[in-house]
Amino acid sequence: MADEYTNPRADYAARLNTNTPHAARIWNYWMGGKDNYAADRQAGDAVASVYPDIVTMAKQSRKFLIRTVKWVAEEGGVTQFLDIGTGLPTMQNTHEVAQSVHPDARIVYVDNDPMVLVHARALLVNTTPEGVTTYVEADYHDPELIVADARNVLDFTKPICVMFMGVLGYVEKLDELKSIVDRVMAHVPSGSYMIFWDSSEGDEIGDGADKLVESGGVPYYLRSVEELKSVFEGLEFVEPGLVPLSQWHPTEYERPIDSFGGVARKP
Numbered sequence: 001m002a003d004e005y006t007n008p009r010a011d012y013a014a015r016l017n018t019n020t021p022h023a024a025r026i027w028n029y030w031m032g033g034k035d036n037y038a039a040d041r042q043a044g045d046a047v048a049s050v051y052p053d054i055v056t057m058a059k060q061s062r063k064f065l066i067r068t069v070k071w072v073a074e075e076g077g078v079t080q081f082l083d084i085g086t087g088l089p090t091m092q093n094t095h096e097v098a099q100s101v102h103p104d105a106r107i108v109y110v111d112n113d114p115m116v117l118v119h120a121r122a123l124l125v126n127t128t129p130e131g132v133t134t135y136v137e138a139d140y141h142d143p144e145l146i147v148a149d150a151r152n153v154l155d156f157t158k159p160i161c162v163m164f165m166g167v168l169g170y171v172e173k174l175d176e177l178k179s180i181v182d183r184v185m186a187h188v189p190s191g192s193y194m195i196f197w198d199s200s201e202g203d204e205i206g207d208g209a210d211k212l213v214e215s216g217g218v219p220y221y222l223r224s225v226e227e228l229k230s231v232f233e234g235l236e237f238v239e240p241g242l243v244p245l246s247q248w249h250p251t252e253y254e255r256p257i258d259s260f261g262g263v264a265r266k267p
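Sequential numbering of the sequence shown, starting at 1, is according to the working numbering.
Okay, structure coming up:
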């Protein structure tokens, strides 16, 4: 892995803007994490004031990650994971779940937040002796760069699980979103999987998205359930298909909210 992607850059402090809310840090705040600043908390509170379920969504999304990664590792037998737009680490991150099933699992995280890259050091220490955990500093708008650097760690002749966890709502156009997904999935072989979730349309969540922009955050574009389902074109859904996050192989009952996710296999 090229040094500029595996190690936090020396100019981290200069690049870190604590006065503008950042998506990864806002989500960290909603999940109860500590890696956020006043601007992030203010934006997070503003969204929650009109859409209180956002905190529930953040927590349900992490549980969805845990269940889906475990399923793909156990039932799909996959040992390689490409987590694009990973955000800040919280509880039971992708590498911890995957390596609990396969100690030799290889995980590549992708993000463009300097704070996320700093936290890479801790995650690299916590990986299993047999496995590999590393980072690519890149934007999800550049799938070719992501794949090129991930090839230094992942074997693209063997199945890979590609993950887009609530990140592609920041892409304005649905066609562009689908292009990003298709360009990544084109590089992985048959038998690979994709885990994807995102927020769906609704009055209250729409108010929350508006409030995020008013607070200085990056716009988040909500899709219909049918639009979200179209992201999986060319792939085969794992049962139960695209469902509210809390209803994908649940271990306990949780009220469904405006977020849908699924797992699909590349034939």
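Where is the CB? At the ideal position from N, CA and C, for every residue including glycine.
- When DSSP states are grouped into helix, strand and coil, PHE81 belongs to the strand group.
- Apart from the 5 residues on each side of it in sequence, GLY76 sits with its Cβ closer than 6 Å to the Cβ of TYR193 in its chain, given in chain order.
- According to DSSP, residue pairing for TRP197 in a beta bridge involves MET165, GLY261.
- Around the C-beta of HIS141, fewer than 16 other C-beta atoms lie within 10 Å, and the residue is accordingly described as exposed.
- Here DSSP, grouped into helix, strand and coil, assigns ASP111 to strand.
- Here the alpha carbons of LEU145 and GLN60 stand approximately 30 Å from one another.
- Taken through DSSP and simplified to helix, strand or coil, ARG183 comes out as helix.
- Taking a contact to require three or more Cβ pairs closer than 8 Å, the stretch 224-236 and the stretch 29-41 do not qualify as touching.
- For the options ARG183, GLY216, LEU174, VAL225, the alpha carbon positioned closest to that of THR18 is the one of GLY216.
- With respect to SER259, TYR253 sits apart: the two C-beta atoms are not nearer than 9 Å.
- In this structure ALA24 does not touch ASP139 by the C-beta definition: roughly 13 Å separates them, more than the 8 Å allowed.
- Secondary structure of ARG62 (DSSP, three-state): helix.
- For TYR135, there is no enclosing alpha helix (DSSP H); the enclosing beta strand (DSSP E) covers residues 132-137.
- C-alpha of ALA48 to C-alpha of GLN92: approximately 24 Å in a straight line.
- Under the three-state reduction of DSSP, VAL238 is assigned to coil, being neither helix nor strand.
- Under the three-state reduction of DSSP output, ARG151 falls in the coil class, being neither helix nor strand.
- By the Cβ test, the stretch 175-186 is in contact with the stretch 145-164, since at least three Cβ pairs between them sit closer than 8 Å.
- At the C-beta level, THR134 and TYR170 stay beyond 9 Å of one another.
- Around the CB of SER224, fewer than 16 other CB atoms lie within 10 Å, so the residue is classed as exposed.
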